[in-house]
Amino acid sequence: MLQDFYVRELAENLMLHLWVDDADAWWQHVHDIGLDAQFGASVSAPEDRPWGARDFTLHDPSGVLWRIGQPL
181 MLQDFYVREL
191 AENLMLHLWV
201 DDADAWWQHV
211 HDIGLDAQFG
221 ASVSAPEDRP
231 WGARDFTLHD
241 PSGVLWRIGQ
251 PL
């Protein structure tokens with residue numbers, strides 16, 4: 181459920197993990213639309229992780245960490 185309030189201590193301690201079919205395509209889309217420059221988001225490049233996933237991270241302007249990836 182989405183809420184319309186902001187509590188810094190909660191936002192900066194939240195991580196969301198989104199599974200997608202193609203993490204590289206999602207990263208390319210984020211890059212193409214300039215999400216980092218437009219909204220001040222911090223975006224890392226996709227990597228293969230030792231836990232069997234390929235993903236990238238995105239810190240949104242409110243401090244929430246998004247990990248967007250796919251299983252390997």
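If you count by the working numbering, then the sequence shown holds residues 181 to 252, one letter each, in order. All C-beta atoms in this analysis are idealised placements derived from N, C-alpha and C, irrespective of residue type, glycine included. The model shown is predicted, which means the values in this text are computed figures rather than measured ones.
In this structure Gly220 is exposed. Its beta-carbon is surrounded by fewer than 16 other beta-carbon atoms within 10 angstroms. Counting only the Cα atoms, Asp240 lies some 16 Å from Gly249. Comparing alpha carbon positions, the residue from Leu190, Glu227 and Tyr186 closest to Trp206 is Glu227. Burial check for Trp246: the Cβ neighbour count within 10 Å reaches 16 or more, so the residue is buried.
Here Leu198 carries a strand assignment [DSSP, helix/strand/coil].
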